[in-house]
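Undergrad: Numbering (mature numbering (1 follows the signal peptide of the UniProt record, and there is no 0)), first residue to last: -28 to -1, 1 to 374.
A single structure is presented below for examination.
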Amino acid sequence: MKIFKPRYALKFLLVCASLAIISCSKDSEDTSEVTVTTSNFSVTINENPSEGQLIGTVAGITNQGTVTFSITEQTPSGAFSIDVASGELKVANANLFDFETNPTISGTVKVANGTVSENASVIISVDDLYEEHIYEGTIFLTTQEEINDFGANNYTHITENLYIGGVNQYAVFNDLTPLSSIKHLGNGLAVYKNNGLTSLTGLENIETLNRIQIINNDLLADISALSNITELPLDIRVDNNPALTNLNGLHNITSFGDLIINNNSALLNLDDLNITTVTYSIEITENPLITNLNSLSNISIIYRDLIISQNNSLTDIDGLSNLGSIYGFVTISQNDSLTDINGLTNLTLLEQELTINSNATLTDLCGLQNLLTNGGLSGDYTVVNNAYNPTEQDIIDGNCSI
């Protein structure tokens, strides 16, 4: 039998120990801490919803893999359900959504990635209705006569959607006052394709709904009738309203799902917005007269995407200075007067790609230093066709402007 000499045995042991330490060190370096982020959910819905009706979505994000959603408790029991993958809350027992017996329905949702989890509280306020004035389903109103006839019924609640406007062609009517009894919509309001409407007067008593779409209204200049609405779980879309100069009427809404302001050629600013929470995305595009985004200054997290594009008078994005995390992508493109992106200085996390392109006067990208220096960008970096196009390393090295 061959016997190792003591000094060779000692060397062998030292080599093995070194390899073990290196292996453990590499494993440690390759393993990052799993984090889960969520936020509390609150909404007001009308009593007597339909079974399976969408209530809203609990936000949940993780830095690795995916999250799952589960209900740990709710009062009363069995009122709502949650989709384990998407976080969508739905009505499970419609009979429990009765203002007289359960004016508030509450619960706790666990958002988890393996053993790491965070809890989100769920508060659902149930609004009282005059049940004898409920319209079941969705209604399309395309003429002044239809508006007058429907309004004569004095409905206070429409269980689904209220569509006002043309279908295959533009409608021409100018009076929504027959609809003034409506207070609650189970889903959404759409005002679209109209050549005669100048204001939304007649809709001022609407208080609760999930979404608003105001699209293709040639003469609409006043949306102040929407001022009794305070939250919007899904989206607001204001698109192609060439006479609209301001967003007065949206000032009491502090929480949105998606915020989409697109192609409003006379819109001077976004000053009437007073947003603190955006659950999904922000899209501000093709508004040639707006100069800043200051009304977005209270937003700290965007759970999906940020798109700022083709706003030719926009000189800065300083209104985004409180943004710390974006869990989707960012696109900033074709803003001809934009000279810097200092509004992104406090951004430390961007989960998907960053695209900054075709901003003709953009020479200062130092607002990305914090994000890139700390490794906060997870997706691709694309900066092209601007007045200055530094690489990631240029920005990290401090060569971020000319």
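Glycine residues also receive a C-beta, built at the ideal position from the N, C-alpha and C atoms.
With which residues is T16 paired in a DSSP beta bridge?
TA: According to DSSP, which records beta bridges pairwise, T16 is partnered with S97.
Undergrad: My guess is that T252 and G229 are in contact by the Cβ rule of under 8 Å, so how many angstroms apart are they, rounded?
TA: The sequence given here places Tyr at residue 252; Thr does not occur at that position. Yes, they are in contact, since the Cβ atoms of Y252 and G229 sit about 5 Å apart, within 8 Å.
Undergrad: Looking only at its chain, what residues have a beta carbon closer than 6 Å to the beta carbon of Q25, apart from the 5 residues adjacent to it on each side?
TA: Around Q25: V63.
Undergrad: Looking at the structure shown, is D(-2) part of a helix, part of a strand, or coil, going by DSSP?
TA: Summary for D(-2): the model assigns pLDDT 46, below 50, so the residue's position carries little reliability; its value from the coordinates is reported in the next sentence. Three-state DSSP puts D(-2) in a helix.
Undergrad: Look up I43 in the DSSP assignment and give the residues it is bridged to.
TA: I43 pairs with V81.
Undergrad: Let me check understanding here. Comparing Cα to Cα, which of V56, E325, N358, G315 lies closest to F341?
TA: One detail in the question is off: residue 341 reads as Gln in this sequence, not Phe. Checking every option, the nearest Cα to that of Q341 belongs to G315.
Undergrad: Mind pulling the beta strand (DSSP E) runs of 3 or more residues that sit fully within the region 234 to 299?
TA: Correct list: 254 to 257, 278 to 281.
Undergrad: Considering Cα atoms alone, identify which of N20, G79, S78, I96 is closest to N67.
TA: Nearest of N20, G79, S78, I96 to N67, Cα basis: N20.
Undergrad: So if DSSP puts I130 in a beta bridge, which residue, or which two residues, is it bridged to?
TA: Partner(s): Y107, L157.
Undergrad: May I ask you to list the residues that DSSP assigns as paired with N91?
TA: For N91, which the question treats as bridged, DSSP gives the partners K82.
Undergrad: Just the C-alpha distance for L151 and T128, rounded to the nearest angstrom, thanks.
TA: Each residue's Cα considered, the two are about 9 Å apart.
Undergrad: Smallest Cα separation from F13: which of A57, S78, H156?
TA: Among A57, S78, H156, the Cα nearest to that of F13 is on S78.
Undergrad: Any idea if P75 is buried or exposed, counting beta-carbon neighbours within 10 angstroms, 16 or more meaning buried?
TA: The residue in question, P75, is exposed, as its Cβ has fewer than 16 Cβ neighbours within 10 Å.
Undergrad: Counting only beta-carbon atoms, is T29 nearer than 7 Å to chain B?
TA: Of the protein chains in this structure there is only one, and it is not chain B.
Undergrad: Where do the ends of the beta strand (DSSP E) carrying F52 lie?
TA: Element bounds for F52: 52 to 54.
Undergrad: Is the region 154 to 164 close to the region 126 to 144, with three or more CB pairs under 8 Å?
TA: Contact between the region 154 to 164 and the region 126 to 144 is present, because at least three Cβ pairs lie under 8 Å.
Undergrad: For the alpha helix (DSSP H) containing residue 376, list its first residue and its last residue.
TA: Given that the chain is displayed from residue -28 to residue 374, the structure contains no residue 376 and the question cannot be resolved.
Undergrad: Hey, out of L268, V250, S227, whose CA is closest to D243's CA?
TA: Minimum Cα distance to D243 is reached at L268.
Undergrad: Let me check one thing: in DSSP terms, what residues is I186 bridge-paired to?
TA: Answer by DSSP bridge pairing, in chain order: V163, V210.
Undergrad: Relative to the C-alpha of E90, which candidate in N270, S58, T34 has its C-alpha closest?
TA: It is T34.
Undergrad: May I have the straight-line CA-CA distance separating N318 from F112, to the nearest angstrom?
TA: Using only the alpha carbons, I get a separation of about 46 Å.
Undergrad: Count the other C-beta atoms from every protein chain shown that fall within 10 angstroms of the C-beta of N346, then say buried if there are 16 or more, exposed otherwise.
TA: Exposed: under 16 other Cβ atoms inside 10 Å.
Undergrad: Cα-Cα, which of D190, L321, N224, V355 is closest to E176?
TA: Nearest C-alpha to E176: N224.
Undergrad: Alpha carbon to alpha carbon, how far is S4 from Q36?
TA: Distance between the alpha carbons of S4 and Q36: 9 Å.
Undergrad: Using DSSP with H/G/I as helix, E/B as strand and the rest coil, what is Q141?
TA: Note: Q141 maps to coil in three-state DSSP.
Undergrad: Judging by CA-CA distance, which residue of V98, T80, A238, I54 is the nearest neighbour of F71?
TA: Among V98, T80, A238, I54, the Cα nearest to that of F71 belongs to V98.
Undergrad: Terminal residues of the continuous alpha helix (DSSP H) containing I119?
TA: That run of the alpha helix (DSSP H) goes 116 to 123.
Undergrad: N329 bridges to which residues according to DSSP?
TA: Answer is S305, V356.
Undergrad: Tell me where the alpha helix (DSSP H) around T345 begins and ends.
TA: Element bounds for T345: 341 to 345.
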